[in-house]
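**Q** My structure is below; once you've seen it, I'll send some questions.
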Amino acid sequence: MAETPKAPRTTPRYSATFSPEVMSEIRRAAATGIYDIRGAGAKRKLPHFDDLLFLGASISRYPLEGYRERCGTEVVLGDRFASKPIRLRTPVTIAGMSFGSLSANAKEALGRGATLAGTSTTTGDGGMTAEERGHSQTLVYQYLPSRYGMNPDDLRRADAIEVVIGQGAKPGGGGMLLGQKITERVAGMRCLPPGVDQRSACRHPDWTGPDDLAIKIEELREITDWEKPIYVKVGASRPYYDTALAAKSGADVVVLDGMQGGTAATQDVFIEHVGIPTLAAIRPAVQALQDLGLHRKVRLVVSGGIRSGADVAKTLALGADAVAIGTAALVALGDNDPRWEADYEALGTTAGAYDDWHEGRDPAGITTQDPELARRLDPELAGRRLANFLAVMTLEAQTIARACGKSHLHNLEPEDLVALTIEAAAMAQVPLAGTGWIPGKTPL
Amino acid sequence: MPTFDLRTASLRALNGALHALRPDTNETRWTVVNPDGRHAIAVGLDAPIQVEIEGNVGYYCAGMNKQASVVIDGHAGVGVAENMLSGFVHVRGDASQSAGATAHGGMLLIDGNAGARCGISMKGVDILVKGSIGHMSAFMAQAGTLTVLGDAGEALGDSLYEARLYVRGTVASLGADCIEKEMRDEHREQLFAKLKAAGLAGEVDPREFRRYGSARALYHFHVDNAGAY
């Protein structure tokens, strides 16, 4: 007797809307009653530099010889008003990250790596440490709403001052450093009791708006005798207006941080749903400077998800003068390294996905104040790794620039780029590959 | 005694001259006339000198002061003595908002009233206001003392850390996590010392003041307190 065939079953299918990640977050929220806090930047897939390609030289353009012809990489930041602008060998700088969120060893390693590479590193919320100043040839000192550790001596010891309005991971948000990372030293630098959750305000305490910002910048210039370049850092949300207002307020440099830019700790909902991607922010910022006749006078530094020399070249081609890296620099130091996989698993995560930087239990010894964990990071070796990574990024950017026939990274231009997707073409304002179509700019 | 007339000399020349002083300078008394509300007058000083400003000043006068004594014989704009580290700043008139913001040390004395956010995020300074202060004063104040002989506006001491607030008059309302606390002998002694430093010893009775400080309930974020923010 023939068997009755079983009806075929469909393969189990996850919902795109209610994905396993979404459902696990619903269960977590239902169990705890509180939003999820984590470090790092946006993890969702966004239009990014991977959606752009360079058009190498061909009959219409000459390439430069890869190993013989010079392709400059140096950049000057702060030559609009400062009497002592900073001069860097590479346009890849290190973004602001605080002692407190990072261990002292990690801060030292960032300084060492940046110095070896001939670039700058940046303090964060919590002030300037002696180790960081000592190991950083060029150090940018952040001026934040909290003013933790802020003092005129460090202001004068700095090579540049960065007035922080916001950051890409949380434009419009303040900071948070949970009590478990507030050691005696961190607390002392911030004038807070040890172990207390440390909140950083989202607005500066003594100014609001661009007119006040201009006066604040004047004060900082007067205190430092007009020597130091003044940066203004904004999270990417309204880049045209923010860049224009920062320039109008007297900034030498505008730092524009897209939503892929990392943070030490904030709400996941903030990181993933507030702000715009780095790719979408650059052209409006450049346009603002061009409209004011200030492009290449007020310098533009772009950060948020920059991982390679290709990203550097694309950012500069879109009109930036330099880039800043944060997460990529931490990875170069050793963050999320699979060598600590057993420890990551013990924390319920895996190497490459660890983002609970606020908890202070980082197996790699970077986002922690635990002395045992912090000892895992050798600042000299980690600094060397960072320097290597910065060198590779610079070499990669040069490789692309030479292929496009450019004798300096700053000669890269939007005309060297095409986009793989309509979204990227619209955001970067370059043609969709194989067409002359720039959505919103040219007719289809 | 050098005198700077800001109608004929530039602000840069004034601040540059004050910054160039050596620690053992003999030029310890400076006068600034016709300030005309200019911003950033006498900022970033770091010498034991006295600067008397004859008139009204704009934003950030005596900002980030160290060691110096700065007297403003007039009214002061936003952020007078902001982020002061040490020294003495005296406003003989009224002060606008954010007076003494984030200041770490020294003393700020205001003879008149101070606007909103007086002592915001203060980190160790002693502020004494003979008049009244505006709303949101001592917001997120971390350390130091804020003494008010008059009244305090709404939301005093919101999200306060360890700063001590002494108010003689009425308080319109207290901010999140700010409560009235017992005035013990140690507090009366501290208050007396601050009054004495302001030249008010014997003129003002510390027993007339109430003390406000942090309930410390919000020191660690907990969802049960979400409604307090």
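Top to bottom, those sequences are chains Y and B. The first sequence begins at 3 in my numbering and counts up by one. The second sequence begins at -15 in my numbering and counts up by one. Even glycine gets a Cβ: it sits at the ideal position worked out from N, Cα and C.
#1: My parser needs the beta strand (DSSP E) runs of 3 or more residues fully inside the stretch 60 to 107 of chain Y; what are they?
#2: Which whole-angstrom value is the C-beta distance of Y:L180 and Y:I368, which I expect to be below 8 Å?
#3: Which residues does DSSP list as the beta-bridge partners of B:V219?
#4: So that I know if they touch, is there some Cβ in chain B lying closer than 8 Å to that of Y:M191?
#5: Using a Cβ-Cβ cut-off of less than 8 Å, list which residues of the stretch 92 to 110 of chain B approach chain Y; keep chain order.
#6: In three-state DSSP terms, what is B:F72?
#7: If the cut is a Cβ gap below 9 Å, which residues of chain B does Y:E164 touch?
#8: For Y:G321, collect the residues of the same chain with a Cβ closer than 6 Å to its Cβ; drop the 5 residues on either side in sequence, then sort them by chain order.
#9: For a contact defined as C-beta to C-beta under 8 Å, what are the partners of B:H23 on chain Y?
#10: Among Y:R187, Y:D81 and Y:E164, which one has its Cα closest to the Cα of Y:F101?
#11: For Y:G58, does the count of other Cβ atoms within 10 angstroms reach 16, so buried, or fall short, so exposed?
#12: So is B:H119 buried or exposed if we call it buried at 16+ other beta carbons inside 10 Å?
#13: Let me check understanding here. Comparing Cα to Cα, which of Y:N413, Y:G407 and Y:W439 lies closest to Y:E67?
#14: So which residues of chain Y does B:T86 contact, with C-beta pairs closer than 7 Å?
#15: Hey, Y:S17 and Y:D127: beta-carbon distance below 8 Å or not?
#16: So, Y:K299 versus Y:F51, is the Cβ gap smaller than 8 Å?
#17: Could you tell me which residues DSSP pairs with Y:G126 in its beta bridges?
#18: Could you tell me how far apart the beta carbons of Y:A162 and Y:E133 are, in whole angstroms, since I believe they sit closer than 8 Å?
#19: Could you tell me whether any Cβ in chain Y is nearer than 8 Å to the Cβ of B:F205?
#20: With burial defined as no fewer than 16 other Cβ atoms inside 10 Å of the residue's Cβ, what is the status of Y:K230: buried or exposed?
#21: Suppose you measure from the CA of B:A201 to the CA of B:S143; what does that come to, to the nearest Å?
#22: 8 Å is my cut-off, CB to CB: does B:H3 come that close to chain Y?
#23: List the residues that DSSP assigns as beta-bridge partners of Y:E164.
#24: Alpha carbon to alpha carbon, how far is B:K165 from B:A127?
#25: In angstroms with no decimal places, state the Cα-to-Cα distance between B:Y145 and Y:A389.
#26: At the 8 Å Cβ level, is B:L(-5) part of the contact set with chain Y, yes or no?
#27: Going along chain B, which residues have a C-beta under 8 Å from Y:G181?
#28: Y:P231 versus chain B: which residues are under 8 Å apart at the beta carbon?
#29: Are the CB atoms of B:R13 and B:L(-10) within a distance shorter than 8 Å?
#30: Over the uninterrupted beta strand (DSSP E) stretch that includes Y:D452, give me the two end residues.
#31: So Y:T125 packs on Y:A326, CB below 8 Å; how close in whole Å?
#32: Quick one: which residues of the stretch 227 to 253 of chain Y get their C-beta closer than 8 Å to a C-beta of chain B? List them in chain order.
#33: With a threshold of 16 other CB atoms inside 10 Å of the CB of B:F72, please say whether the residue is buried or exposed.
#34: Any idea if B:H88 is buried or exposed, counting beta-carbon neighbours within 10 angstroms, 16 or more meaning buried?
#35: For a cutoff of 8 Å on Cβ pairs, would you count Y:V188 as touching chain B?
#36: Below 8 Å, can you find three or more Cβ-Cβ pairs linking the stretch 425 to 434 of chain Y to the stretch 334 to 344 of chain Y?
**A** With the given structure in hand:
#1: If we require 3 residues or more, the beta strand (DSSP E) runs fully inside the stretch 60 to 107 of chain Y come out as 77 to 79, 88 to 90 and 94 to 96.
#2: Within the first sequence, numbered from 1, the residue matching residue 180 of chain Y stands at position 178. Within the first sequence, numbered from 1, the residue matching residue 368 of chain Y stands at position 366. In fact, because the Cβ distance is near 16 Å, the residues do not count as touching under 8 Å.
#3: Shown here, chain B extends from -15 to 213; a query on residue 219 of chain B therefore has no answer.
#4: Counting from 1 along the first sequence, the entry for residue 191 of chain Y is found at position 189. No - not a single Cβ of chain B is within 8 Å of the one on Y:M191.
#5: R101, I104, S105, K107 and G108
#6: The residue you call residue 72 of chain B lines up with position 88 of the second sequence. In the structure shown, B:F72 sits in a strand (DSSP, three-state: E or B).
#7: Stepping through the first sequence from its first residue, residue 164 of chain Y is reached at position 162. Neighbours of Y:E164 on chain B: none; closest Cβ ~16 Å, over 9 Å.
#8: Counting from 1 along the first sequence, the entry for residue 321 of chain Y is found at position 319. Only V288 meet the Cβ criterion.
#9: Your numbering for residue 23 of chain B matches position 39 in the second sequence. Ordered by position in chain Y, the residues that pass the 8 Å Cβ test against B:H23 are I217, E220 and E221.
#10: By 1-based counting over the first sequence, the position of residue 101 of chain Y is 99. Measuring from the Cα of Y:F101, the nearest candidate turns out to be Y:R187.
#11: For the purposes of this step, residue 58 of chain Y is identified with residue 56 of the first sequence, where counting begins at 1. Y:G58 comes out exposed.
#12: Against the second sequence, residue 119 of chain B aligns to sequence position 135. Burial call: buried.
#13: Numbered from 1 along the first sequence, position 65 holds the residue referred to as residue 67 of chain Y. Among Y:N413, Y:G407 and Y:W439, the Cα nearest to that of Y:E67 belongs to Y:G407.
#14: Your numbering for residue 86 of chain B matches position 102 in the second sequence. The answer, in chain order, is R149, M152 and P207.
#15: In the first sequence, the residue the question calls residue 17 of chain Y occupies position 15. In the first sequence, the residue the question calls residue 127 of chain Y occupies position 125. No; because the gap between Cβ atoms is not below 8 Å, this pair is not in contact.
#16: Indexing the first sequence from 1 puts residue 299 of chain Y at position 297. Indexing the first sequence from 1 puts residue 51 of chain Y at position 49. Contact: no.
#17: Translated into positions along the first sequence, residue 126 of chain Y becomes position 124. According to DSSP, Y:G126 bridges with Y:G129.
#18: For this step, residue 162 of chain Y is matched to residue 160 along the first sequence. For this step, residue 133 of chain Y is matched to residue 131 along the first sequence. Distance from Y:A162 to Y:E133 at the Cβ level is roughly 19 Å; contact not present, criterion being Cβ atoms closer than 8 Å.
#19: As a first step, residue 205 of chain B is located in the second sequence; it is residue number 221 there, counting from the start. Using a Cβ-Cβ cut-off of 8 Å, B:F205 counts as an interface residue toward chain Y, since at least one Cβ of chain Y sits closer than that to its own.
#20: The residue labelled residue 230 of chain Y in the question sits at position 228 within the first sequence. Y:K230 is buried by the Cβ-count criterion.
#21: If you number the second sequence from 1, residue 201 of chain B lands on position 217. If you number the second sequence from 1, residue 143 of chain B lands on position 159. When rounded, the distance between both Cα atoms is 10 Å.
#22: One-based indexing of the second sequence puts residue 3 of chain B at position 19. True, the Cβ-Cβ gap to chain Y drops below 8 Å.
#23: As a first step, residue 164 of chain Y is located in the first sequence; it is residue number 162 there, counting from the start. Answer by DSSP bridge pairing, in chain order: Y:Q144 and Y:Y233.
#24: Residue mapping note: residue 165 of chain B aligns to position 181 of the second sequence, counting from 1. Residue mapping note: residue 127 of chain B aligns to position 143 of the second sequence, counting from 1. C-alpha separation (whole angstroms): 16 Å.
#25: Residue mapping note: residue 145 of chain B aligns to position 161 of the second sequence, counting from 1. Residue mapping note: residue 389 of chain Y aligns to position 387 of the first sequence, counting from 1. Answer to the nearest angstrom: the Cα atoms are 41 Å apart.
#26: Here the question's residue -5 of chain B lines up with position 11 in the second sequence. Chain Y contact via Cβ: present.
#27: Position 179 of the first sequence, counted from the first residue, corresponds to residue 181 of chain Y. Near Y:G181 (Cβ distances below 8 Å), the residues of chain B are Y203 and H204.
#28: Along the first sequence, read from residue 1 onward, the residue named residue 231 of chain Y stands at position 229. The premise fails here: Y:P231 is roughly 17 Å from chain B at the closest Cβ pair, so nothing lies under 8 Å.
#29: Indexing the second sequence from 1 puts residue -10 of chain B at position 6. Indexing the second sequence from 1 puts residue 13 of chain B at position 29. A distance of 8 Å or more separates the beta carbons of B:L(-10) and B:R13.
#30: For residue 452 of chain Y there is no data in the structure shown, the boundaries of chain Y being 3 and 446.
#31: Working through the first sequence from its first residue, we reach residue 125 of chain Y at position 123. Working through the first sequence from its first residue, we reach residue 326 of chain Y at position 324. That pair is no contact at about 13 Å.
#32: The stretch 227 to 253 of chain Y vs chain B, Cβ under 8 Å: D227 and W228.
#33: Stepping through the second sequence from its first residue, residue 72 of chain B is reached at position 88. Buried, since its Cβ has 16 or more Cβ neighbours within 10 Å.
#34: The residue given as residue 88 of chain B occupies position 104 in the second sequence. A residue is called buried when at least 16 other Cβ atoms come within 10 angstroms of its Cβ; B:H88 meets this threshold and is buried.
#35: Here residue 188 of chain Y refers to the residue found at position 186 when the first sequence is read from its first residue. When Cβ-Cβ separations below 8 Å define contact, Y:V188 makes no contact with chain B.
#36: The stretch 425 to 434 of chain Y vs the stretch 334 to 344 of chain Y: no contact.
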